[in-house]
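Report on the structure given below.
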Amino acid sequence: MSQKIVVIVHAAPYGSERCLSALRVATALRGHEARPEVKVFLMSDATVVGLPHQHDGAGSGLQAMVEHLVAEGVTLKLCRTCALARGLADLTLIAGVEIGTLPELADWTLAADKVITF
């Protein structure tokens with residue numbers, strides 16, 4: 094049975110490298126030979142990373158990272174309350190990214206072997 098790891102991200106996708114680091118860690122975990130089950134929950138300003146077609150000028154490729162994680166079977170969800178507060182809930186999201194709820198995050202957390210926050 095594989096490990097279950099939850100990554101919770103609060104950091105905005107631009108302005109610091111915390112969101113980028115979270116996605117890099119999730120990618121490394123999922124690519125590890127142990128193949129853990131990885132779930133990512135984006136909260137606060139991190140919810141913005143779920144929107145497609147963003148270009149930061151430096152070519153950070155956050156959308157490509159998100160798409161790669163989804164293709165690898167990683168579940169990515171945006172906090173519904175956070176998305177609503179930022180006007181994101183009705184916008185098109187990157188394919189495979191969904192709106193989630195705090196009760197879902199609670200379930201993920203209780204079932205997880207490890208929880209990592211950024």
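Its first residue numbered 94, the sequence shown is counted upward by one per residue in our numbering. Just so you know, even glycine gets a beta-carbon here, dropped at the ideal spot from N, CA and C.
Taking a contact to mean a Cβ-Cβ separation below 8 Å, would you say residue i touches residue j in this structure?
i: LYS97; j: ALA164; result: no
i: ILE192; j: LEU171; result: yes
i: VAL102; j: MET136; result: yes
i: VAL100; j: ALA115; result: yes
What's the call for residue i, buried or exposed, on a 16-neighbour Cβ count within 10 Å?
i: ALA223; result: Any property of residue 223 remains undetermined from this structure, which presents the chain solely from 94 to 211.
i: THR140; result: buried
i: LYS132; result: buried
i: ALA104; result: buried
i: LEU184; result: exposed
i: PRO196; result: exposed
i: PRO145; result: exposed
Could you give the DSSP three-state label for residue i: helix, strand or coil?
i: THR210; result: strand
i: GLU160; result: helix
i: GLU126; result: coil
i: GLY166; result: coil
i: LEU177; result: helix
i: GLY193; result: strand
i: LEU135; result: strand
Could you tell me how far apart the beta carbons of residue i and residue j are, in whole angstroms, since I believe they sit closer than 8 Å?
i: ARG117; j: LEU162; result: The Cβ separation is near 10 Å, so there is no contact.
i: LEU186; j: GLY143; result: 5 Å
i: ALA182; j: ALA176; result: 4 Å
i: ARG173; j: THR194; result: 5 Å
Does the beta-carbon of residue i, which I'm using as the reference point, lie nearer than 7 Å to any heavy atom of the ligand MN?
i: LEU162; result: The ligand MN is absent from the structure shown, which contains no ligands of any kind.
Out of curiosity, what's the CA-to-CA distance linking residue i and residue j?
i: MET94; j: ARG179; result: 38 Å
i: PRO129; j: GLN156; result: 22 Å
i: ALA127; j: ALA121; result: 11 Å
i: VAL208; j: GLY166; result: 18 Å
i: ARG112; j: ALA199; result: Just to set this straight, residue 112 is Cys in the shown sequence, not Arg. C-alpha separation (whole angstroms): 21 Å.
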